[in-house]
Every structure is written in structure tokens, then in C-alpha cells.
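Novice: Provided herewith is a single structure, encoded as C-alpha cells, for subsequent inquiry.
Number of protein chains: 2
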Amino acid sequence: MSDDPAIELAGSVRRLIDATIRTLADDATIRAVQSQIDSLTAQLTVETIPGAVGVHHVAGFSRVAGNVIIGERNAIAPPLTMHHRDDGGVATDFALGVAYEGPPGHVHGGVCAMILDHVLGAAVHQPGRPAVTGTLTLRYRRPTPLDAALRAEARIRETQGSKTFVEGFITHGGEVTVEADGIFLFPRR
Amino acid sequence: MSDDPAIELAGSVRRLIDATIRTLADDATIRAVQSQIDSLTAQLTVETIPGAVGVHHVAGFSRVAGNVIIGERNAIAPPLTMHHRDDGGVATDFALGVAYEGPPGHVHGGVCAMILDHVLGAAVHQPGRPAVTGTLTLRYRRPTPLDAALRAEARIRETQGSKTFVEGFITHGGEVTVEADGIFLFPRR
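Residue numbers (my numbering), protein chains in the order written: chain A, 7 to 195; chain B, 7 to 195.
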């Protein structure tokens, strides 16, 4: 998977997303760039996976390559890299640029929710047996800054029958910005 | 704002994000496309806003042009368009493509959380006086499909002192996929 050149392409597209937001180029330059982007997209789409990567699996391709949080082909994804700790918990270190803005200069609260949903779920997933979110509660303690070193962690607190209770948080500089509690379920196959 | 050519550019970048995920082009084509994307990004970044759009305000530019949910310059944003109803509630109709994938073929639960955080907040915001999320609880009722007509709605249920209690949901085909309850606060200025 690591030699898939679309992973590097996604990195370039992330920089283009940022540039599109912040550019002060003149209108003619922006229009010319757009026209060339459209031509490049046409080159990429001569042959494509017919839909979502998770559904239309292609040999040699990660099933999560298109995932909005961890997908290496997905320029929307930061992408997060999850680390599974010896104690069963998970953690990930990341930073979010201006494309994740909500309140001026800060990460959108919804983006924090999105990331915590994924990180709490990752603490529950078992190989070949993904969990789904039942309930998720978020408590916002302080603003989460853009372009700053952030960390998200989660661990299982308790299991009761089909329900797994998970807790986690995002920190910046050792201070919690958002806390989360979730109940995750394993869908019947 | 509507004559900002970067808005159209962001639309093209959204199609490029999708193409980057789904392309089956050969490695040489993908590498050549990446090289050209990097050149186009360099053209856009000769002069830029020095940071987040909400902080470094530029005349003629919407302050929310870079917002991750509604920002028209932000290719990560669907972008949502909020409609304020006569009864004080808000609603938005949208669809999410493969770039928002979580479980195979379905919208990531975290993306639903992100959207509901924004839509519930939009029901509380007053002109020039944005609200921030205090607590948000999400209940996942059924999977949310990709590439399908979705609707999100929210309304204020009650106000108690500085706290505003809000409820909302996402529906597909008239059925609720995710419900949300939130407590929003107006930060002191």
C-alpha cells in the first residue's frame, strides 16, 4: 500500500485545499488554475473504482484508503495514524490546519467530535469486526487551536453484554480541550 | 462574495479529492498529475492570507469562507447552506460523496456528528454573537448512506440562563439516521 502513488497525490491535494482557501491570486490566475485542475481530474478519472473504496475492493488497495479520518488516499483526512497501546488504549498525535476552522483561529467543534468518534471506535474495533457508534457524548472544555500539536486518546472503560463503554479526549499542551464518552456496539453479521 | 473565483475553484478541488480516492490511473500518470498539482498550488500561494480566514479578515471576503462545514472556499466543506425557518429552526439539504466514507458505503458517524454540531449551533447563533458548543450527545439510529439525499434540522428546545438547549437530527428518506441534543453557550466577550 505504501507504494501507491495516490497517497503522495493526496498529500499534494491537501496543500491545494489549503491554498484554495488562502489564495490572494488575481481572478485570471485562479480561473486558469481551475481549468487545469479540471483537466488533471479528467486524466485521473479515465478509469476509476465505481464507488466507495470500502465497497468496491481493489486488490492491492487498503479497504480504508478512502476513509475520511484515516484514509491515505483521502485529502479530507488529516490522515490520523492510530497507535494501539499495550494497555489496550489507542492514541494519535496530529495537527489540523486552517481547512478545519470553525470559530476564528480554532478547530471546528464538529471536527473534534468527528475525530473523537473515530478514536473511541478504534479502541473498540477487533480485527475483522468493526464496532459502530451507539451513543456519543462530547463535553467541550476549551477551544482547540489550529496548527498546533494535538493528541487524541481513548480506552475501554467497561463492557456490558453487547455494549462497550469507551472514554477519550483531545489534549493540547497537556490540557483537555474536548472529552468524550461513547457506547459502541458490534452489529450482528 | 459570489463572484470570488476561488469558490468555483473549490468545487473543482472537491471533484479532484474524489478522483484521487477512486483513480485507477497508472503510476506514471498519477505522479505526473501530482507534479502539476504542486505547480498549480505554487501559483496560488505566491500571495496568501497569512493564516485562518476567520482571523485574517480580507475585505470582500466572507469571514466564513474557510469554515470546514459552510466555507465556500473550503473543499473539505460539502458546503452546507443553512436555511432559517419562520419557526426559528434551521434546516439544510445535502448529499455526501465517497470522500466522507466510514463504514463501507456509508457516511462516517463522525461526519454526522460534525454536521449536527454545526447545524445545532446554527439554530442558536445570533447575528454577530456566535454560540459555542458546551455538550453534544449523538444517538445513532441507523446507517447514513453515501451519495443520497440527506436533510439535517435543528431547533431550540429551551433556554435556561446562559444555556440554550437544542435538538436536531439527520434524516434520509424521512427516517432519522442520527439524533442530537446539545447545550450551547454564549461566551463572554
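Even glycine gets a Cβ: it sits at the ideal position worked out from N, Cα and C.
(1) Got a sec: is the Cβ-Cβ distance from A/His-124 to anything in chain B below 8 angstroms?
(2) Note down, in chain order, all residues in the segment 113-146 of chain A with a beta-carbon under 8 angstroms from any beta-carbon belonging to chain B.
(3) Can you tell me whether DSSP reads A/His-89 as helix, strand or coil?
(4) Distance check for A/Leu-152 and A/Gly-242, CA to CA, integer angstroms please.
(5) Applying the criterion that 16 or more other CB atoms from any shown protein chain within 10 Å of the CB defines a buried residue, is B/Ala-129 buried or exposed?
(6) Rounded to whole angstroms, how far is the Cβ of B/Leu-126 from the Cβ of B/Gly-174, which I believe are closer than 8 angstroms?
(7) Where do the ends of the alpha helix (DSSP H) carrying A/Thr-143 lie?
(8) Excluding the 5 residues flanking A/Ala-83 on each side, which residues of the same chain have their C-beta closer than 7 angstroms to its C-beta?
(9) Keeping to the same chain, check which residues put their C-beta closer than 7 angstroms to that of B/Ala-154; ignore five residues upstream and five downstream.
(10) Using the Cα positions of A/Ile-13 and A/Gln-49, report the straight-line distance between them to the nearest angstrom.
(11) Determine the DSSP secondary structure at B/Asp-32, reduced to helix, strand or coil.
(12) Just how far apart, CA to CA, sit B/Ala-137 and A/Gly-115?
(13) The segment 32-53 of chain A: which residues have C-beta closer than 7 angstroms to a C-beta of chain B, in chain order?
(14) Between A/Ile-162 and chain B, is any beta-carbon pair separated by less than 8 angstroms?
(15) Less than 6 angstroms between C-beta atoms, sequence neighbours within five positions excluded: which residues of the same chain meet that for B/Asp-99?
(16) Within the same chain, show all residues whose beta-carbon is closer than 7 angstroms to that of B/Ala-81, passing over the 5 residues directly before and after it, in chain order.
Specialist: Reading it off the structure:
(1) yes
(2) His-114, Gly-115, Gly-116, Val-117, Ala-119, Met-120, Ile-121, Leu-122, Asp-123, His-124, Gly-127, Pro-136, Val-138, Thr-139, Gly-140, Thr-141, Leu-142, Thr-143, Leu-144, Arg-145 and Tyr-146
(3) strand
(4) Because chain A in this structure spans residues 7 to 195, residue 242 of chain A falls outside the shown range and cannot be described.
(5) buried
(6) 5 angstroms
(7) Careful: A/Thr-143 lies outside any alpha helix (DSSP H), inside the beta strand (DSSP E) at 138-146.
(8) Asn-73, Val-74, Ile-75, Ile-76 and Gly-77
(9) Ala-101 and His-178
(10) 17 angstroms
(11) coil
(12) 11 angstroms
(13) Asp-33, Thr-35, Ile-36, Arg-37, Val-39, Gln-40, Gln-42, Ile-43, Asp-44, Leu-46, Thr-47, Gln-49, Leu-50, Thr-51, Val-52 and Glu-53
(14) no
(15) Arg-157
(16) Ala-16, Val-19, Arg-20 and Ile-23
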